[in-house]
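Heads up, the sequence shown is in numbering that gives the first Met the number 0, so the first residue is 0 and it goes up one at a time.
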Amino acid sequence: MLGIGIVGLGGIARQHLTALKVAEDEGFARCVAAADLVEDLRESHRKDWEIPAVYENHHKLLEDPNVDAVAIVLGHHLHADLTIDALNAGRHVLVEKPMAITLDECDRMIEAERAAGKILQIGLTGRFHPAVRKAREILDTNELGPVVTALSRFNKNWGYGGRRYQYRSRWMGGGMWMGNGVHAVDWLVHCVGAKAVAVKARQSTSMHYQGADDATTAFVQFANGVPGLVVVVGSAHGCATDGIEAHCALGEIQYNVRGSLRIGANNQWREVEHDGKHGFAEQYRHFAEAAAMGIRPQTSSHYGRHILEILVAAEESSITGREVHLTDYHRLPW
Ligand SMILES: NC(=O)c1ccc[n+]([C@@H]2O[C@H](COP(=O)([O-])OP(=O)(O)OC[C@H]3O[C@@H](n4cnc5c(N)ncnc54)[C@H](O)[C@@H]3O)[C@@H](O)[C@H]2O)c1
């Protein structure tokens with residue numbers, strides 16, 4: 000069973016810990032340690048989740064011989080350095096999304112992964128959620144024919160008042176686009192099943208006083224000729240809407256990470272069932288299998304870098320007003 004050490008016990012750590020309880024019950028991974036700079040968080044999580052060992056920083060956690068792999072669950076500006084430290088200490092790493100905040104950081108992480116000979120998986124959780132896995136299965140059967148065009152949307156209340164400072168500053172990798180657009184871009188690439196070759200986008204900070212975007216619309220052209228649209232909004236007063244709408248040659252498919260999935264053909268919609276498994280736990284199952292077998296995970300470091308390449312191309316396009324052609328997409332295999 001893969002022993003996981005979680006670094007960062009903030010907002011999303013509970014999802015990781017819940018997933019690792021499922022993983023422990025199913026016998027493929029378990030949480031053996033955690034680290035956070037904040038003592039109260041360390042102590043409350045240790046008690047609530049029966050974590051065997053807690054540490055005040057990741058350096059101490061990396062000295063624990065029970066830690067086979069590390070989950071980096073921190074602010075975006077910290078992903079690269081902590082991932083590299085963990086790889087250099089000989090651990091497999093699952094790093095939360097986005098992979099990092101610059102492509103140079105991604106390249107350093109990829110080099111550390113290569114040198115360590117360990118697995119680096121990016122926490123692009125979307126594809127492990129049950130409705131998304133089922134949707135991919137349906138697309139793979141070709142019953143709907145090829146995807147003609149697709150729309151990926153992520154709109155949620157930005158929750159400005161409670162949003163931590165690092166997520167309100169693009170300089171620290173914040174903003175709706177980096178934090179949540181990363182999911183919407185991943186969903187689109189996963190649906191279309193090809194690499195992106197060009198991006199044209201418009202971003203704005205329309206509803207909040209912050210040094211980062213809250214609304215982006217991006218037109219993405221894929222290598223297989225399919226165009227896609229990504230609309231990502233951190234609204235001040237809106238209602239959440241998210242998911243993929245793909246128009247295929249023989250019908251439509253709509254789905255999201257919250258479990259909704261339906262296909263439409265000849266003017267009739269049909270709800271589709273799925274296995275309902277816990278998305279984060281499935282992400283850990285994939286990570287444990289990749290680590291055990293030494294195989295490249297689906298959301299590999301190269302894939303995570305490509306998603307960041309699309310995100311920064313959209314930012315560049317919004318500033319210059321021009322379409323940005325991606326130059327690195329062909330360089331790295333997924
Ligand atoms: N996959 C998803 O669906 C999903 C959802 C939400 C958030 N996330 C991602 O998860 C990551 C963390 O988000 P969050 O909202 O939980 O962050 P957060 O800011 O709430 O928590 C980060 C924690 O890390 C701790 N920390 C900082 N530096 C540390 C160090 N060197 N050693 C140990 N602890 C340290 C902080 O004290 C804090 O408690 C981000 O990348 C975010 O985008 C993913």
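Beta carbons: idealized from backbone N, C-alpha and C, even for Gly.
- In this chain, the alpha helix (DSSP H) harbouring Tyr302 covers Ser300 to Thr319.
- A residue is called buried once 16 or more other Cβ atoms fall within 10 Å of its Cβ, and Cys247 is buried on that count.
- Comparing C-alpha distances from Gln297 to each of Trp186, Met171 and Phe221 shows the shortest one belongs to Trp186.
- In the three-state scheme derived from DSSP, where H, G and I count as helix and E and B as strand, His91 is classed as strand.
- C-alpha of Phe127 to C-alpha of Glu42: approximately 30 Å in a straight line.
- Placement of the Cβ of Gln14 at a distance of less than 8 Å from at least one heavy atom of ligand 1 is found.
- Going by C-alpha positions, Leu123 is about 22 Å away from Gly158.
- For Ala197, the enclosing beta strand (DSSP E) begins and ends at Ala195 to Ser203.
- By DSSP's assignment, Lys155 forms a beta bridge with Gly233.
- Close to ligand 1, as judged by a C-beta nearer than 6 Å to any of its heavy atoms, are the residues Val6, Gly7, Leu8, Gly9, Gly10, Ile11, Ala12, Ala34, Asp35, Leu36, Val37, Leu40, Asn56, His57, Val72, Leu73, Gly74, His75, Leu77, Glu95, Lys96, Gly122, Thr124, Arg163 and Gly178, in chain order.
- Looking from the CA of Cys190, the closest CA among Thr204, Ser168, Arg132 and Tyr166 belongs to Arg132.
- For the set Ser317, Ala287, Ser316 and Glu308, the Cα lying nearest the Cα of Asp327 is the one of Glu308.
- Shown here for Gly4: same chain residues with a beta carbon closer than 6 Å to its own, the five before and five after excluded, namely Ala32, Leu60, Val66 and Val69 in chain order.
- The continuous beta strand (DSSP E) containing His246 extends over residues Thr240 to Cys247.
- Distance between Tyr254 and Asp241, taken at the CA atoms: about 9 Å.
- Going by DSSP, Tyr328 is part of no alpha helix (DSSP H) at all; its letter is neither H nor E.
- Across the set Thr319, Arg169, Val147 and Leu93, the C-alpha of Leu93 shows the shortest separation from the C-alpha of Ser299.
- Per the coordinates, the alpha-carbon of Ala291 lies some 46 Å from the alpha-carbon of Ser205.
- For Cys30 against Leu8, the beta-carbon gap comes to about 11 Å, at or over 8 Å, which does not count as contact.
- Bridge partners of Pro226 according to DSSP: Gln220.
- The C-beta distance from Val323 to Val225 rounds to 18 Å, too long to fall under 8 Å, and the pair is not in contact.
- When the five nearest sequence neighbours on each side are left out, the beta carbons in the same chain lying within less than 8 Å of the beta carbon of Ala239 are those of Asn154, Lys155 and Asn156, in order along the chain.
- Apart from the 5 residues on each side of it in sequence, Leu331 sits with its Cβ closer than 6 Å to the Cβ of His301 in its chain, given in chain order.
- With a 10 Å radius around the Cβ and a threshold of 16 neighbouring Cβ atoms, Thr82 comes out buried.
- A residue is called buried once 16 or more other Cβ atoms fall within 10 Å of its Cβ, and His236, having fewer, is exposed.
- Ile100 is the residue among Arg13, Ile100 and Glu288 whose C-alpha sits nearest the C-alpha of Gly174.
- Shown here, Ala32 sits in a strand according to DSSP, grouped into three states.
- Distances from the CA of Val256 to each of Ser168, Asn179, Leu73 and Val196 were compared; the closest alpha carbon is that of Asn179.
- Note on Pro64: under 16 other CB atoms within 10 angstroms of its CB, so exposed under the neighbour-count rule.
- Under the three-pair Cβ rule at 8 Å, the segment 227–235 counts as touching the segment 202–218.
- In the DSSP annotation of this structure, the continuous segment of the beta strand (DSSP E) that includes Gly263 starts and ends at Leu260 to Ala264.
- For the 9 Å CB-CB criterion, Ala115 and Leu86 form a contact.
- Between Ala313 and Val196, the CB-CB gap reaches or exceeds 9 Å.
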